[in-house]
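S.K.: Heads up, the sequence shown is in UniProt numbering, so the first residue is 1 and it goes up one at a time. One structure, pasted below without further comment.
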Amino acid sequence: MQNNLGKMITEQLRNPNELDISLRMEFGPFETVHKWKRMSECYEFVGARRSKHTAVAYKDAIYVFGGDNGKSMLNDLIRFDIREKSWTKTGCMGIPPAPRYHHSAVVHRSSMFVFGGYTGDILANSNLTNKNDLFEYKFQSAQWVQWKFSGQEPVPRSAHGAAVYDDKLWIFAGYDGNARLNDMWTINLLGETRQWERIEQKGQCPPTCCNFPVAVARGKMFVFSGQSGAKITNALFQFDFETHTPSMSPPSWSRVCTEHLLRSAGGAPARRYGHVMVAHRAHLYVFGGAADNTLPNDLHCYDLDTQIWSVIQPANDSQIPSGRLFHAGAVVGDALYIFGGTIDNNVRSGDLFRFQLSNYPRCTLHDDFGRILKSHQFCDIQILVGPEKTPILAHQAILAARSQYLRAKIKEARDDLTKRIAAGEEEASEVCSYKSPPQLCVLLPEATPEAFHMVLNYIYTDRIDPTEKDEDPESPATVLLVMEVLRLALRLSIPRLRGLCARFLRANLCYGNVLQALHAAHHASLSCIKEYCLRFVVKDYNFTPIVMSKEFEEMDQGLMVEIIRRRQQPQSKQANGAAQQEYEEEIIGTTLEQDMCVLLGGGGSLSDVRLRVGSAARPAHRSVLAARAAYFEAMFRSFSPHDNIVNVSRPAPRTAPCSPRAPPTSRPCSAPSRRTTISSMYVHYSSLSDVRLRVGSAARPAHRSVLAARAAYFEAMFRSFSPHDNIVNIQICDTVPSEEAFDSLLRYIYYGDTNMPTEDSLYLFQAPIYYGFTNNRLQVFCKHNLQSNVSPENVLAILQAADRMRATDIKEYALKMIVHHFGLVARQDAIKNLAQPLLVDIIWALADEPNFDAPLPVQPRSLPSSSSADTLTDDPEFYARFRCGKS
């Protein structure tokens, strides 16, 4: 039944467009992800070292125009060929733009458009002026053409932003020689109508600014930081192009605000100017610039999906560029190129650096768990919240993994339920019946339903949005709600959530809410928040407006006296500094990934299904399996496995050891080592699992909620039937994975870990399809691992395993590697043990090699007695190729 279910699930995936069964293997060499590499320098006879220039990408080349070399402005156009890795000076027809810098350049179809900039003689300090001219450079004919306009035009400017969207050129802000700007203009780049249109803007428009970058992604133009005088910030703004239609209101600006989200994430880059920002798939990348008198060389990344800033850690063997400003950047394929700029001591650079961007599908762990929480599927516990005992459904395994307090309450409730059933006071319900409310209940009278719902969202997703109902994070209602969440976090022993709530409150205290926050903190015995509120009130610039407010008149007398006494006895600056450091301490506690790692290692006590591989069965959790894989989702929805066990057939023979090098990615948490993760923690959590997963002779305790959250296969299984003996036998398509590969699969399901040996990647290559994961992230990492780590030394073992698993793509890749390294592979002892069909496949692969069937040189009919084998051919190059097995 399980085999038929797996085939059915592949036709009913959650996101079929994100999954690709036939990922094609490619032959290397491959660039290391997140590696900086210094490319060929642009020599002076080709183009001067420069800054304040522009760089654009067209096909397989980068075009650099203008800038200044420290002595004069430039108007040359130089080209870097990506394939040849060489610089050339581009010949041009027509009249090029005058020498300039701080202009803009964008690409539209087969042309580059250069607008504005600063021109003149900087050495003589004469004829210096801003421009508003527009030039088109046609790549195919190498011709410059200046556009002429009718009607109004943008004011001449430099250091502005420019972008192309919907066949239009968009110009924003800049400097006109007297003041910074924040106006916007657009012109259609198609047709004969050459008229500028001034855009009426609305919403949260960025302040007047210059020397900032723009990037276009998902129908929006993003602006980050820049020179804005006293108003300079590190804010990210977005302009929605889609709202600019004749039938709609003026296009809208908005500030991308993430401070209101309670989550542990990196902050935005420091405010800066003269930096670059590019868009690549679902990310924005920021590099360089001048940040408060420093020149940082960190590469910052903003994820458009998760709205999280992060700093990318470069690969170990990177040639990292030094900090710089007024450089230029462009993206070609999956690589970011940075050229030129001003480095230390006002020196211009002529260096070109390449950074290999990653292209991995995002981790959906948090989304999967959030989805299963909202769907209320596979819930096995009711939390009765508040005096009215409002029932809230949840999953035992996930609650116990994230809160020591709830873990103890669940154990207490389970023991009490067992006693009542033994005494005949209550009938035992079906083990995994999800048609009726869960029999297990936990009381939480000290909480409010609204606050507990927010805590539950954090438990499942590691984030909370307190402004979901009230958009103002500084509103008293929002602040009081977060304070109630903080009190619950203390009660439930969730230190990370406590720290996030405290950070939110500190960031959003203001005149309008501080007195209410102080009152609530006093009555809730939140001493740290109360102390922070008191210090906020008695500050010199806060005290008078707060004391004169109407809210102060209605305060409790005791708090009023405490405020006045605190004001009369101000603490020393040293004490204030120590207190401030105490409040801003680093947030401690575990993340969702870390807690799920521990649950996997010892979470058998809450498992509700067992996965069996051979004679071994491992406890698992239907909720997690269903959330992570469509296979399990469909299984649990359709039927319950016999004896609550999902069987996996006898394991396939283990492939020969392969290189342990994994794809370049950081582990999602500080997890225990690979060998201890699955074994050393079972005792502590053994009663939490509600299913066992079996692979061969090994069985692992697991948790239905986790399995169902992550895999549609388990979700369908647990929704439909209970596995026999509560054991689920594990297989991938028609193949049984090794126990080690199964452990790698569980680590991915539970906490998104993608680090694994190469041979595990071979087994798990089709797992996202078979089990119905939300996207193909695991498959992409398996592909990368195989492509990066299959070598001539282990390729025969990979070939055998791929043939046994009927993994056509991987088998073709292995055969291609054997052909290219036949001289090395043919001398291995392992080739003697290959089955005859595989030897035939190798012969056919050699025959398909384009040059392998080339005719041999003419040979003499007979050899003189003094001849040796070396005289069989007069072509030493052919002989050398023949000796190494190549043609």
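Positions of the beta carbon are idealized from the N, C-alpha and C atoms, including for glycine. Predicted model only: the values in this text are computed from it and were never measured.
Keeping to the same chain, check which residues put their C-beta closer than 8 angstroms to that of Asp-367; ignore five residues upstream and five downstream.
M.R.: Within the sequence shown, residue 367 is the residue found at index 367, counting from 1. Once the five neighbours on either side are set aside, the close Cβ partners of Asp-367 are Thr-461, Thr-774.
S.K.: If Ile-381 and Ala-394 are in contact, beta carbons under 8 angstroms, what's the gap, nearest whole angstrom?
M.R.: Position 381 of the sequence shown, counted from the start, is the residue given in the question as residue 381. Position 394 of the sequence shown, counted from the start, is the residue given in the question as residue 394. Rounded, the Cβ-Cβ distance is 6 angstroms, consistent with contact.
S.K.: Whole angstroms is fine: what's the gap from Cys-205's alpha carbon to Ser-252's?
M.R.: Position 205 of the sequence shown, counted from the start, is the residue given in the question as residue 205. Position 252 of the sequence shown, counted from the start, is the residue given in the question as residue 252. Taking the straight line joining both Cα atoms gives about 8 angstroms.
S.K.: Quick one: any contact between the segment 590-598 and the segment 543-560, if contact means 3 or more CB pairs under 8 angstroms?
M.R.: Taking 8 angstroms as the limit for Cβ pairs, the verdict is that the segment 543-560 does not touch the segment 590-598.
S.K.: Bridge partners of Trp-147, per DSSP?
M.R.: Against the sequence shown, residue 147 aligns to sequence position 147. In the DSSP output, where bridge partners are listed per residue, Trp-147 has none listed.
S.K.: Tell me which residue opens and which closes the alpha helix (DSSP H) that Val-331 is part of.
M.R.: Against the sequence shown, residue 331 aligns to sequence position 331. Careful: Val-331 lies outside any alpha helix (DSSP H), inside the beta strand (DSSP E) at 328-332.
S.K.: Near Arg-654, which residues of its chain fall below 6 angstroms by C-beta distance, leaving aside the five closest residues on each side in sequence?
M.R.: Stepping through the sequence shown from its first residue, residue 654 is reached at position 654. Only weak support exists for where Arg-654 lies, its pLDDT of 39 falling under 50; the value from the coordinates is given anyway. Taken in chain order, the residues that qualify are Ser-738.
S.K.: Under a three-way DSSP split, which group does Gln-227 fall into?
M.R.: Taking the sequence shown and counting its residues from 1, one reaches residue 227 at position 227. DSSP places Gln-227 in strand when its eight states are reduced to three.
S.K.: Going by C-alpha distance, which of Leu-746, Thr-90, Pro-445, Asn-647 is nearest Gly-696?
M.R.: Indexing the sequence shown from 1 puts residue 696 at position 696. Comparing Cα-Cα distances from Gly-696 to each of Leu-746, Thr-90, Pro-445, Asn-647, the minimum goes to Asn-647.
S.K.: If you follow the alpha helix (DSSP H) that Arg-407 is part of, which residue opens it and which one closes it?
M.R.: By 1-based counting over the sequence shown, the position of residue 407 is 407. Unbroken alpha helix (DSSP H) run through Arg-407: 404-422.
S.K.: The alpha helix (DSSP H) that contains Gly-499, what's its start and end?
M.R.: Within the sequence shown, residue 499 is the residue found at index 499, counting from 1. First-last of the alpha helix (DSSP H) with Gly-499: 495-508.
S.K.: May I ask you to report which of helix, strand or coil DSSP gives Gln-580?
M.R.: Indexing the sequence shown from 1 puts residue 580 at position 580. For Gln-580, the predicted model reports a pLDDT of 48, less than 50, meaning its position is unreliable; a value from the coordinates is still stated below. In the structure shown, Gln-580 sits in a helix (DSSP, three-state: H, G or I).
S.K.: Comparing C-alpha positions only, which one of Asp-734, Leu-515, Ala-279, Ala-489 sits nearest to Val-547?
M.R.: Here residue 547 refers to the residue found at position 547 of the sequence shown. When only C-alpha atoms are compared, the closest one is Leu-515.
S.K.: Contact check, Arg-176 vs Arg-198 under 8 angstroms by CB: the rounded distance?
M.R.: The residue you call residue 176 lines up with position 176 of the sequence shown. The residue you call residue 198 lines up with position 198 of the sequence shown. Looking at the sequence provided, one finds Asp at residue 176 rather than Arg. No, Asp-176 and Arg-198 are not in contact; Cβ-Cβ is about 15 angstroms, not under 8 angstroms.
S.K.: Can you list, in chain order, the residues of its chain whose CB lies under 7 angstroms from that of Glu-425, leaving out five sequence neighbours each side?
M.R.: Within the sequence shown, numbered from 1, the residue matching residue 425 stands at position 425. Here the set comprises nothing.
S.K.: Are the CB atoms of Ala-845 and Val-825 nearer to each other than 8 angstroms?
M.R.: The residue labelled residue 845 in the question sits at position 845 within the sequence shown. The residue labelled residue 825 in the question sits at position 825 within the sequence shown. Contact: no.
S.K.: In whole angstroms, give me the CA-to-CA distance for Gly-752 and Leu-365.
M.R.: As a position in the sequence shown, residue 752 is number 752, starting the count at 1. As a position in the sequence shown, residue 365 is number 365, starting the count at 1. Cα to Cα, Gly-752 sits roughly 6 angstroms from Leu-365.
S.K.: What is the residue span of the beta strand (DSSP E) that Arg-694 lies within?
M.R.: In the sequence shown, residue 694 corresponds to position 694, counting from 1. It spans 691-695 - the beta strand (DSSP E) in which Arg-694 sits, taken as one unbroken run.
S.K.: At which residues does the beta strand (DSSP E) containing Asp-743 begin and terminate?
M.R.: Here residue 743 is taken as the residue at index 743 of the sequence shown, counted from 1. Run containing Asp-743: none in the beta strand (DSSP E); it sits in the alpha helix (DSSP H), 739-751.
S.K.: So the alpha helix (DSSP H) Trp-844 belongs to, where does it begin and stop?
M.R.: The count along the sequence shown starts at 1 and reaches residue 844 at position 844. Residues 836-848.
S.K.: Taking Arg-503 as the reference, which of Ala-268, Val-482, Glu-812, Pro-768 has the closest Cα?
M.R.: Position 503 of the sequence shown holds residue 503. Checked all of Ala-268, Val-482, Glu-812, Pro-768; the closest Cα to Arg-503 is Val-482.
S.K.: Could you give the distance in angstroms between the alpha-carbon of Gln-152 and the alpha-carbon of Lys-131?
M.R.: Taking the first residue of the sequence shown as 1, we reach residue 152 at position 152. Taking the first residue of the sequence shown as 1, we reach residue 131 at position 131. Approximately 15 angstroms, taken between the alpha carbons.
S.K.: Is it right to say Thr-119 is buried, meaning 16 or more other beta carbons lie within 10 angstroms of its own, or is it exposed?
M.R.: For this step, residue 119 is matched to residue 119 along the sequence shown. Its Cβ being crowded by 16 or more others within 10 Å, Thr-119 is buried.
S.K.: Determine the contact status of Leu-786 and Thr-754, defining contact as a CB-CB distance below 8 angstroms.
M.R.: Within the sequence shown, numbered from 1, the residue matching residue 786 stands at position 786. Within the sequence shown, numbered from 1, the residue matching residue 754 stands at position 754. Contact: no.
S.K.: Can you check DSSP and say which residues form a bridge with Trp-196?
M.R.: As a first step, residue 196 is located in the sequence shown; it is residue number 196 there, counting from the start. BP columns for Trp-196 are empty, so no partner.
S.K.: Check Met-454 in the structure and name its three-state DSSP category.
M.R.: Residue mapping note: residue 454 aligns to position 454 of the sequence shown, counting from 1. In the structure shown, Met-454 sits in a helix (DSSP, three-state: H, G or I).
S.K.: What would DSSP say about Gly-91, mapped onto helix, strand or coil?
M.R.: As a first step, residue 91 must be located in the sequence shown, where it is residue number 91. Residue state, collapsed to three classes: coil.
S.K.: Hey, out of Leu-443, Ser-436, Arg-747, Ala-801, whose CA is closest to Arg-414's CA?
M.R.: The count along the sequence shown starts at 1 and reaches residue 414 at position 414. When only C-alpha atoms are compared, the closest one is Leu-443.
S.K.: Could you tell me whether the Cβ atoms of Asp-60 and Asp-81 are closer together than 8 angstroms?
M.R.: As a working note, residue 60 is residue 60 in the sequence shown. As a working note, residue 81 is residue 81 in the sequence shown. Their beta carbons are under 8 angstroms apart, which means Asp-60 touches Asp-81 by this criterion.
S.K.: Once DSSP output is grouped into helix, strand and coil, what is the label at Ser-638?
M.R.: Along the sequence shown, one-based indexing puts residue 638 at 638. In this structure, Ser-638 counts as helix in the three-state DSSP scheme.
S.K.: With the cut-off set at 8 angstroms, would you say Ala-524 and Arg-491 are in Cβ contact?
M.R.: Residue 524 sits at position 524 when you count from the first residue of the sequence shown. Residue 491 sits at position 491 when you count from the first residue of the sequence shown. No, the Cβ-Cβ distance between Ala-524 and Arg-491 is not below 8 angstroms.
S.K.: What does the Cβ neighbour count give for Pro-837, buried or exposed, with the cut at 16 atoms within 10 Å?
M.R.: Within the sequence shown, numbered from 1, the residue matching residue 837 stands at position 837. Classification of Pro-837: exposed, given that the 10 Å Cβ count is below 16.
S.K.: Take the Cβ of residue 898 as the centre, count every other Cβ of all protein chains shown within 10 Å, and call the residue buried at 16 or more, exposed below.
M.R.: Nothing can be reported for residue 898: it is not among the residues displayed for the chain, which extend from 1 to 887.
S.K.: Compare the Cα-Cα distances from residue 889 to each of Pro-701, Asp-317, Gln-568 and report the closest residue.
M.R.: Shown here, the chain extends from 1 to 887; a query on residue 889 therefore has no answer.
S.K.: Could you tell me which of Tyr-771, Pro-387, Gln-319 sits nearest to Val-728, measuring between CA atoms?
M.R.: In the sequence shown, the residue the question calls residue 728 occupies position 728. Among Tyr-771, Pro-387, Gln-319, the Cα nearest to that of Val-728 belongs to Tyr-771.
S.K.: Taking the beta carbon of residue 895 as the centre, do at least 16 other beta carbons fall within 10 Å, making it buried, or is it exposed?
M.R.: This structure does not reach residue 895, given that the chain is present from 1 up to 887, and the question cannot be answered.
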